[in-house]
Each structure stands twice: as C-alpha cells, then as structure tokens.
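In what follows, a structure is listed as structure tokens, so that the remarks can point back to it.
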Amino acid sequence: MTEQLTLYQQAQAVHQDLMIQEQVAAQSLTQIAIDLKEIRDRRLYAELGYSDFAEYCENATKTGKRQAYNLISLVEQYKIDDLSRLAYLGSTKLIALKSLGKEEREELIESGKAEELSVRELKEKIKELTDKNEQLRFEFTSVTDGDKDKDSRINSLQARLDNTGNAMRRTAEENEKLKLQIAELEKRPVEVAVAEPSAEDIAKIRAEVEAAARAEYDKKLADEKKKVQSIAHEEASGNSKEIFKIHLKNIQREFNEALELVSTATENERSSYIKAFRSILNACGDLIAKL
Numbered sequence: 001m002t003e004q005l006t007l008y009q010q011a012q013a014v015h016q017d018l019m020i021q022e023q024v025a026a027q028s029l030t031q032i033a034i035d036l037k038e039i040r041d042r043r044l045y046a047e048l049g050y051s052d053f054a055e056y057c058e059n060a061t062k063t064g065k066r067q068a069y070n071l072i073s074l075v076e077q078y079k080i081d082d083l084s085r086l087a088y089l090g091s092t093k094l095i096a097l098k099s100l101g102k103e104e105r106e107e108l109i110e111s112g113k114a115e116e117l118s119v120r121e122l123k124e125k126i127k128e129l130t131d132k133n134e135q136l137r138f139e140f141t142s143v144t145d146g147d148k149d150k151d152s153r154i155n156s157l158q159a160r161l162d163n164t165g166n167a168m169r170r171t172a173e174e175n176e177k178l179k180l181q182i183a184e185l186e187k188r189p190v191e192v193a194v195a196e197p198s199a200e201d202i203a204k205i206r207a208e209v210e211a212a213a214r215a216e217y218d219k220k221l222a223d224e225k226k227k228v229q230s231i232a233h234e235e236a237s238g239n240s241k242e243i244f245k246i247h248l249k250n251i252q253r254e255f256n257e258a259l260e261l262v263s264t265a266t267e268n269e270r271s272s273y274i275k276a277f278r279s280i281l282n283a284c285g286d287l288i289a290k291l
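To convert, note that position 155 of the sequence shown is 155 in full-length UniProt numbering; the numbers rise steadily by one, no gaps.
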C-alpha cells in the first residue's frame, strides 16, 4: 500500500511538473513569436551584424527561417491573449488552425477536437472544413452570378419591350398622319385631264380609217370577183340564170349594208367610204367591160 501511494505521489508530482512546463512552454512559444516579429519588423538583426532576417534565423537561433515565419504568422493571425491561451496546442496545430475562419476555429477548439486529434487528423479535419467552405463559396458565387445573368436578361427583355413599344407608338402616329392626309385628299375636287388631239393625231387617225376601209372593200371586191368567176363557170354548166339571180341578190345585200354604215359614219369617215365605193364601182365597170 505504501509503495502504491508512493507511486501515486510520484505520478502526481510528475504530472504537476508537466503542467508547469507546458505553461512555461506555451508562454515561451508566445514570447518567442513576439520577439521574432519585433526583430524582423524593426530590423534589429542588422544591429547584430546580419544582412537580413533569414540569415539571422539560420545562424543565430535554433528556430530556423521557416519555423520563424510560421511563429510570426501566429502573432499576426491570433490576438496575444488568444495565442497565450491556445499555446498548449503547439505551434504545428496552431499553424494548421490558421486556415480556418475564427468561428470555425473556436468551435473546433472548444469542442476539444483540436486537442484530441493528432496533427495529421487535425489537418484532415481542417481540409474537410476548408473544402466545405470552398464548395459553399462556389455555390454562393454561382447563385449570385445566376442572379446577375437573370437581371441582365430581364434588363435586355425590358429594353426590347421598350423599343417595341416605341416602334408601335411611332407606327400609330404615322397611321394617324396618313388618315388625315387621306381625308384631306378626299375633300379635294377630282381633276380630270382631257387632252385635245393634235392635227398630227387627227391625220394619223384619218389615214388609219381610210386604210381600213380600203382594205375592207378590196377584200369584198376580191370576193365578188371570185363570185363572178364562179357564176361564169356555173353558167357554162347549168341553170345559170337562177344562180346569177342569187349572187346578184347577195351583192345587193352587201352594198345595202355598206350604205347603212356610210349613213352612220362621221363626216371624215363618210368621205373615206365614198372613195372606197367609187373604187369598187370602177373596178366592177372594168370587170364588166372585160366580159
């Protein structure tokens, strides 16, 4: 029993010493980070004979350049009080926790997971949270861009509607103007232009009428010649007297129709028809003289 108590007391003593050393280490970590930042920012390394901060870290400290910059980043990321409070986690975990937002970082620390997890597990957890944040940020950006595109399409459609409305208004205005012009024209008297024929036009018309009449009667004369020849042929072959009467009757009927046409013609046309009649009569006289 005594031996067990002694071992328990030894365990308590060692544990208490460990707690003290952790506090000292935490305070030391915080102070080391603060001192390194001051030497860098104020360029105190130059007073010690070093050309730059990196040379100072590599040659004058056991921290090394990379670790020195990591510790300085803790001072810049965390408040001094927070850094002192969280120094027990160690510089490696604190550096890993830097990548998280303040709320997520505090939630992870307060839940105890930051202390329970190993450095590797903590980094994996941080990566998981970071990826989730990136996905949420991407989705938010997509929604925002989608809203912008939607607004752009709405604005474009609105502009097109405005243009269409303006065009319709202009068309309506033009239609009203046309209606007024049409109404005004309908009120005006209709002007009918009557062109008087010139002397040249009258002569041309007279010549065309005379030519038409001459052609008509020439055709009739030719027809009558054929009839006379046919009669002569029929006289030689049979009842020529009766046939002659029929043809003579036809000739008289044609001449009567021609005379009626002359009686209804104008003065100029009548003169042309009379000339044509005379030509026909003369032709008939010549034809009879040859019989």
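We put the beta carbon where it would ideally sit given N, CA and C, even for glycine.
Give the DSSP-derived three-state secondary structure of residue i in the structure shown.
i, result
"Thr-30", "helix"
"Ser-99", "coil"
"Glu-191", "Its pLDDT being 48, under 50, Glu-191 is placed unreliably by the model, and the measurement read from it follows with that caveat. DSSP places Glu-191 in coil when its eight states are reduced to three."
"Arg-43", "coil"
"Thr-266", "coil"
"Lys-127", "helix"
"Asp-52", "coil"
"Tyr-88", "helix"
"Ser-111", "coil"
"Thr-141", "helix"
"Thr-61", "coil"
"Tyr-69", "helix"
"Tyr-78", "coil"
To the nearest angstrom, how far is it from the Cα of residue i to the Cα of residue j?
i, j, result
"Glu-254", "Ala-283", "16 Å"
"Lys-204", "Ala-258", "24 Å"
"Thr-6", "Gln-16", "15 Å"
"Asp-286", "Ser-279", "11 Å"
"Ala-11", "Gln-23", "18 Å"
"Glu-47", "Ala-60", "13 Å"
"Glu-106", "Gly-112", "10 Å"
"Leu-18", "Leu-108", "24 Å"
"Arg-120", "Ala-25", "22 Å"
"Lys-132", "Asp-162", "44 Å"
"Asn-268", "Ala-207", "10 Å"
"Ile-251", "Asp-223", "10 Å"
"Phe-138", "Glu-103", "20 Å"
"Glu-191", "Glu-200", "Here the model assigns Glu-191 a pLDDT of 48, short of 50, so the residue's position is not dependable and the matter cannot be decided."
"Glu-260", "Ile-288", "26 Å"
Leaving out the 5 sequence neighbours to the left and right, which residues in its chain are closer than 8 Å to residue i when beta-carbon positions are compared?
i, result
"Ile-154", "none"
"Leu-281", "none"
"Asp-52", "Tyr-45"
Please tell me whether residue i and residue j are closer than 8 Å, where the distance is taken between their beta carbons.
i, j, result
"Leu-129", "Ile-95", "no"
"Leu-83", "Ile-32", "no"
"Leu-100", "Ile-80", "no"
"Thr-30", "Ala-87", "yes"
By Cβ distance, which residues of its chain are closer than 7 Å to residue i, with the 5 residues on each side in sequence left out?
i, result
"Cys-57", "Thr-63, Gly-64, Lys-65, Ala-68"
"Ser-152", "none"
"Val-14", "none"
Please work out which residues of its chain come closer than 6 Å, Cβ to Cβ, to residue i, disregarding the five sequence neighbours upstream and downstream, and give them in chain order.
i, result
"Lys-98", "Gln-77"
"Arg-42", "none"
"Ala-54", "Lys-65"
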